């Protein structure tokens with residue numbers, strides 16, 4: 259995942275945990291608009307079409323790296 263910036267990696271991790279844009283914005287202390295911009299760049303860089311696909315890539319990536327994600331309630 260070297261193609262993602264540090265902040266994009268934070269968002270990528272939280273996507274894999276099932277977090278909404280609002281939840282990510284609260285956790286990272288940024289605006290939802292900023293989160294949406296990060297998500298858009300992640301989709302482009304990973305060449306996927308939706309946040310669901312990006313979330314699945316994140317989940318699988320972190321599981322195979324031995325970093326188990328705790329799935330959170332959508333919110």
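Numbering (this note's numbering), first residue to last: 259 to 333. Glycine included, C-beta positions come from ideal geometry on N, C-alpha and C. Computed from a predicted structure; not experimentally measured.
Same chain, Cβ closer than 8 Å to residue i, five either side skipped, listed in chain order
{"i": "residue 294", "result": "279"}
{"i": "residue 273", "result": "282, 297, 300, 309, 312, 313 and 316"}
Local conformation of residue i per DSSP, three classes
{"i": "residue 289", "result": "coil"}
{"i": "residue 332", "result": "Low per-residue confidence applies at residue 332: pLDDT is 48, beneath 50, and the placement is therefore not dependable, though the value from the model is reported in the following sentence. Three-state result, residue 332: coil."}
Cutoff 7 Å; reference residue i; Cβ partners in own chain excluding five residues on either side
{"i": "residue 290", "result": "279, 280 and 283"}
{"i": "residue 264", "result": "none"}
Residue j beta carbon less than 9 Å from that of residue i
{"i": "residue 297", "j": "residue 285", "result": "no"}
Check: residue i C-beta below 8 Å from any heavy atom of the ligand GTP
{"i": "residue 299", "result": "By its list of ligands, the structure shown contains no ligand whatsoever, and the ligand GTP lies outside what it can speak to."}
Distance between residue j and residue i (C-alpha atoms, nearest Å)
{"i": "residue 260", "j": "residue 287", "result": "23 Å"}
{"i": "residue 271", "j": "residue 306", "result": "16 Å"}
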